[in-house]
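One structure below.
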Amino acid sequence: MPNLKVGKNQVEYNQIGGGPDLLLLPTLLAEMTVYDDVIDELSARYRVTRINFPGFGGSTGPIGQTVDSYADLVAETMSALCLSGDTHVVGNGFGGFVAGSLAIHHGRSFKKLVLVDTGPGFPEPAKEPLRILAKKAQTEGMDSVLDAAIKRMFPEDFIRNNPSIMERRRLHLSKADPFLFANAALALTFLDNRPRLGEIKNPTQIIVGLADATTPPALSYELNSGISNSELQELPGIGHCPQLQDPRLFLDAMLTFLK
-13 MPNLKVGKNQ VEYNQIGGGP DLLLLPTLLA EMTVYDDVID ELSARYRVTR
37 INFPGFGGST GPIGQTVDSY ADLVAETMSA LCLSGDTHVV GNGFGGFVAG
87 SLAIHHGRSF KKLVLVDTGP GFPEPAKEPL RILAKKAQTE GMDSVLDAAI
137 KRMFPEDFIR NNPSIMERRR LHLSKADPFL FANAALALTF LDNRPRLGEI
187 KNPTQIIVGL ADATTPPALS YELNSGISNS ELQELPGIGH CPQLQDPRLF
237 LDAMLTFLK
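Residue numbers (this note's numbering): -13 to 245.
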């Protein structure tokens, strides 16, 4: 896949399809292939751009240990790729936290916002698992966090019944740079966008899997309460990555909003 030099970073991206621009940002627990199961249908309607954050795929650092640093990199990448102000932005998990900060700081650079299983920031008790993941990745390597990552992505019954999906997810995540993975995880522990949600003016859809153990539904409800121009779509039985667990349900929810 092509790489683009953006400041001090190399940003790996994939662009496919034609039509209005749509940018997809992945979760910390995956990389751009987390959207593979929906890319064909999306690219039939949009010019879809996927990027990898530093440390994933061919994207490299350095980058600050704040979510705002990632949002600034996304804004610079959008400009370098000539993505217009009519671009829609979709962010899942970590990508959703980044997309929220992107809307706060660079909201005029795109049109609609879709936040998938994310939030304005984690409460203090939920930050400790992120610190543990970061420390294990740094000291023991990515293989040491794969099982924990899988359990954060999907409900137990889905894990049990879909071994091939789990194997692919482990394979892709095992290739991440452990120090940049840790950097992103720790960036989440410093984030609190709650006081600034009212600054988000983009029309916003909040999609939440009600079985998400990583970013519990309560965080999505906070987004819905704080973003005035937002709507909430609940997905019963779905975990952290609806585009993988039930692509059809995810597409139906999102495409209705993006029309």
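Built from N, CA and C at the ideal position, the CB exists for glycine as well.
For K98, there is no enclosing beta strand (DSSP E), as DSSP marks it with neither H nor E. Restricting attention to R156, A173, Q51 and D198, the CA atom closest to the CA of D143 is found in D198. Counting only runs that start and end inside the stretch 74 to 161, the alpha helix (DSSP H) elements of at least 4 residues fall at 80 to 92, 110 to 126, 132 to 139, 142 to 147 and 149 to 160. Annotation: N78 to D103 spans about 6 Å, alpha carbon to alpha carbon. According to DSSP, K(-9) shares a beta bridge with Q(-4). Taking 3 residues as the minimum length, the beta strand (DSSP E) runs contained wholly in the stretch 181 to 237 are 190 to 195 and 216 to 221, in order along the chain. In this structure N188 is buried. Its beta-carbon is surrounded by 16 or more other beta-carbon atoms within 10 angstroms. In this model, K98 and G82 are separated by some 13 Å (Cα to Cα). By the Cβ-count criterion, N147 is exposed, with fewer than 16 other Cβ atoms from all chains shown falling within 10 Å of its own Cβ. A straight line joining the alpha-carbon of P228 with that of T125 spans about 31 Å. Sequence-distant partners of T13 (beyond 5 residues in either direction) whose C-beta falls short of 7 Å from its own C-beta, in its chain, are V20, N78, G79, F80, G81, H226 and C227. Pairing L230 with I136 gives a Cβ-Cβ distance that is not under 8 Å. Here the alpha carbons of L101 and M240 stand approximately 10 Å from one another.
Look at L15 here: in three-state DSSP terms it is coil, with no helix or strand label. Rounded to whole angstroms, the gap between the alpha carbons of P202 and G47 is 29 Å. Between the C-alpha atoms of D232 and M139 there is a straight-line separation of about 13 Å. Distance between V53 and R31, taken at the CA atoms: about 30 Å.
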